[in-house]
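Undergrad: Here you go, one structure.
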Amino acid sequence: MSAGDNPYASSYGGQMNVSANYGGAAPADDLIKDTTTANFSRDVLEASRQQPVLVDFWAPWCGPCKQLQPLIEKVVREGAGRVKLVKLNIDDHPSIPGQLGIQSIPAVIAFVGGRPVDGFMGAVPESQIREFIDKVAGPAGADEKAEIEAMLAEAKTLFDAGDLAGAADLYGALLQADPENAPALAGIAECMIAVGQPDNARQALANLPEALAADPAIAAVARKLDQIEEARKLGDPAALEQALALDPDDHAARLNLAKIRNVEGDRQAAADHLLHIMKRDRAFDDDGARRELLQFFDVWGPKDPATIAARRKLSSILFS
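By the count of the working numbering, the sequence shown reaches residue 344 at its end, each step adding exactly one.
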């Protein structure tokens with residue numbers, strides 16, 4: 025699936041990108057700048073406490089400087105915020121290079137945490153510049169992975185708190201950057217389900233590549249959609265409650281009611297109905313209550329409080 029096929033961009037994600045939300049990427053015009061002696065502390069020392077800063081010491085008469093600058097600027101821009109580049113003209117501002125013992129240019133010094141940590145001299149090739157940045161900032165992609173994990177965690181927190189619009193915005197932003205991000209796909213489908221749009225959620229997960237559709241997060245949402253579709257056909261829950269009031273051992277009615285309560289979000293009630301059937305008649309529907317409960321667990325997830333509580337009750341029934 026390509027970004028152009030992404031069904032979430034217009035309705036949820038807008039045109040946001042991953043790094044723009046979490047500070048990993050600075051605006052393009054802020055990645056490269058000239059500095060002065062007066063601004064060196066702010067532009068280099070203070071800035072390097074947030075991300076690595078490369079300082080390019082150069083002069084207008086320096087031929088190798090003119091060879092190096094377009095290469096290092098290109099690599100820094102492609103890094104989209106992994107490092108910043110600050111250029112200092114040593115003819116106009118000689119005190120800083122003098123204090124650092126710069127005797128030959130071009131010279132590039134990397135600052136991290138307010139201190140110089142590494143550097144190189146001369147008009148080195150582009151490949152060596154990339155290696156240097158990887159050494160200073162870590163391998164390419166490491167920061168992006170951390171940002172993605174942070175966004176997924178925040179989206180889940182917002183979803184659990186009932187802020188579905190906020191969660192959907194974050195999931196949509198992730199899908200703008202990576203249309204095949206499985207947790208984000210599953211998350212935005214969950215948002216659609218939560219606002220009463222299971223058909224849209226089904227459409228959003230349709231026609232995915234086989235490997236993506238098999239991802240556990242997406243597979244769990246697909247099973248949830250199947251449960252919703254099944255529950256639509258099970259009748260009026262009030263009528264099922266009335267049937268149970270007349271006959272508490274109407275296990276067929278109780279099983280159907282459990283399925284309805286599950287899709288309504290009342291997981292404790294859903295589990296309790298199935299556990300009641302198991303206590304009364306393990307043979308009903310060929311142990312169908314237990315099999316249904318295990319399917320609930322698959323969708324709820326192993327860490328869900330309802331899963332944990334129901335598993336304990338299930339164990340007491342199975343091993344009593």
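Cβ coordinates follow ideal geometry from the N, Cα and C atoms, glycine included.
Can you give me the Cβ contacts of Val141 inside the same chain, cut-off strictly under 6 Å, excluding the 5 residues immediately before and after it?
TA: Along the sequence shown, one-based indexing puts residue 141 at 117. Hits under 6 Å: Ala134.
Undergrad: Within its chain, find whatever has a CB closer than 8 Å to the CB of Arg304; leave out the 5 residues flanking it on each side and keep chain order.
TA: The residue labelled residue 304 in the question sits at position 280 within the sequence shown. Taken in chain order, the residues that qualify are Asp273, His275.
Undergrad: Do you know offhand how far Arg247's Cα is from Arg291's?
TA: The count along the sequence shown starts at 1 and reaches residue 247 at position 223. The count along the sequence shown starts at 1 and reaches residue 291 at position 267. Going by the C-alpha atoms only, they are around 15 Å apart.
Undergrad: Looking at the strands, I want to know which residues DSSP matches up with Phe81.
TA: Position 57 of the sequence shown, counting from 1, holds the residue named residue 81. Its beta-bridge partners are Leu112, Ala131.
Undergrad: Using the Cβ count rule (16 or more neighbours within 10 Å means buried), how would you classify Phe343?
TA: Stepping through the sequence shown from its first residue, residue 343 is reached at position 319. Looking at its Cβ environment, which holds fewer than 16 other Cβ atoms inside 10 Å, Phe343 is exposed.
Undergrad: Please report the residue range of the beta strand (DSSP E) in which Gly143 lies.
TA: Here residue 143 refers to the residue found at position 119 when the sequence shown is read from its first residue. The continuous beta strand (DSSP E) containing Gly143 extends over residues 139-145.
Undergrad: Helix, strand or coil for Ala225, going by three-state DSSP, please let me know.
TA: Locating residue 225 in the sequence shown gives position 201, where the first residue counts as 1. Ala225 falls in the helix class under three-state DSSP.
Undergrad: In terms of residue numbering, what span does the alpha helix (DSSP H) encompassing Lys257 cover?
TA: Position 233 of the sequence shown, counting from 1, holds the residue named residue 257. Per DSSP, Lys257 belongs to no alpha helix (DSSP H) and is neither H nor E.
Undergrad: Quick test of your reading: Cys215 and Ala191, contact by CB under 8 Å. State the CB separation rounded to the nearest angstrom.
TA: Residue mapping note: residue 215 aligns to position 191 of the sequence shown, counting from 1. Residue mapping note: residue 191 aligns to position 167 of the sequence shown, counting from 1. Right, the Cβ-Cβ distance comes to about 6 Å (below 8 Å), so this counts as a contact.
Undergrad: Closest by CA to Ser65, which one among Val77, Asp54, Ile56?
TA: Start at 1 with the first residue of the sequence shown, and residue 65 comes out as number 41. Checked all of Val77, Asp54, Ile56; the closest Cα to Ser65 is Val77.
Undergrad: Thinking Gln74 and Gly105 are a contact (beta carbons under 8 Å), I'd like their distance in whole angstroms, please.
TA: Counted from its first residue, the sequence shown places residue 74 at position 50. Counted from its first residue, the sequence shown places residue 105 at position 81. About 10 Å; that fails the 8 Å criterion.
Undergrad: What does the alpha-carbon distance come out to for the pair Leu281 and Leu249?
TA: Within the sequence shown, the letter at position 257 stands for residue 281. Within the sequence shown, the letter at position 225 stands for residue 249. If you take the alpha carbons of Leu281 and Leu249, they lie about 17 Å apart.
Undergrad: Can you tell me whether DSSP reads Gly211 as helix, strand or coil?
TA: Taking the sequence shown and counting its residues from 1, the one referred to as residue 211 is at position 187. Gly211 falls in the helix class under three-state DSSP.
Undergrad: What does the alpha-carbon distance come out to for the pair Gly220 and Ile153?
TA: Along the sequence shown, read from residue 1 onward, the residue named residue 220 stands at position 196. Along the sequence shown, read from residue 1 onward, the residue named residue 153 stands at position 129. If I take the Cα positions, the gap works out to 52 Å.
Undergrad: Considering Lys283, what are the terminal residues of the alpha helix (DSSP H) in which it resides?
TA: Within the sequence shown, residue 283 is the residue found at index 259, counting from 1. Lys283 -> alpha helix (DSSP H) spans 275-288.
Undergrad: Might you give, ordered along the chain, the residues of its own chain that have their beta carbon closer than 6 Å to the beta carbon of Asp239, omitting 5 neighbours on each side?
TA: Looking up residue 239 in the sequence shown gives position 215. Taking Asp239 as the centre and dropping the five residues before and after it, the same chain places the C-beta of Ala206 closer than 6 Å to its C-beta, in chain order.
Undergrad: Excluding the 5 residues flanking Val323 on each side, which residues of the same chain have their C-beta closer than 6 Å to its C-beta?
TA: Here residue 323 refers to the residue found at position 299 when the sequence shown is read from its first residue. Contacts found: Ala244, Arg247, Lys248.
Undergrad: Going by DSSP, what residue range makes up the alpha helix (DSSP H) through Lys159?
TA: Locating residue 159 in the sequence shown gives position 135, where the first residue counts as 1. Going by DSSP, Lys159 is part of the alpha helix (DSSP H) stretching over 150-161.
Undergrad: Evaluate Ser151 with the Cβ neighbour count: other Cβ atoms within 10 Å of its Cβ, from every protein chain shown; 16 or more gives buried, anything less gives exposed.
TA: Looking up residue 151 in the sequence shown gives position 127. Counting Cβ neighbours within 10 Å, Ser151 comes out exposed, since fewer than 16 surround it.
Undergrad: Applying the criterion that 16 or more other CB atoms from any shown protein chain within 10 Å of the CB defines a buried residue, is Ile332 buried or exposed?
TA: Here residue 332 refers to the residue found at position 308 of the sequence shown. That one is exposed.
Undergrad: Start and end of the beta strand (DSSP E) containing Lys57?
TA: Within the sequence shown, numbered from 1, the residue matching residue 57 stands at position 33. From DSSP, the beta strand (DSSP E) with Lys57 extends over 56-58.
Undergrad: Does the distance from the CB of Ile217 to the CB of Ala228 come in under 8 Å?
TA: For this step, residue 217 is matched to residue 193 along the sequence shown. For this step, residue 228 is matched to residue 204 along the sequence shown. Cβ atoms of Ile217 and Ala228: not closer than 8 Å.
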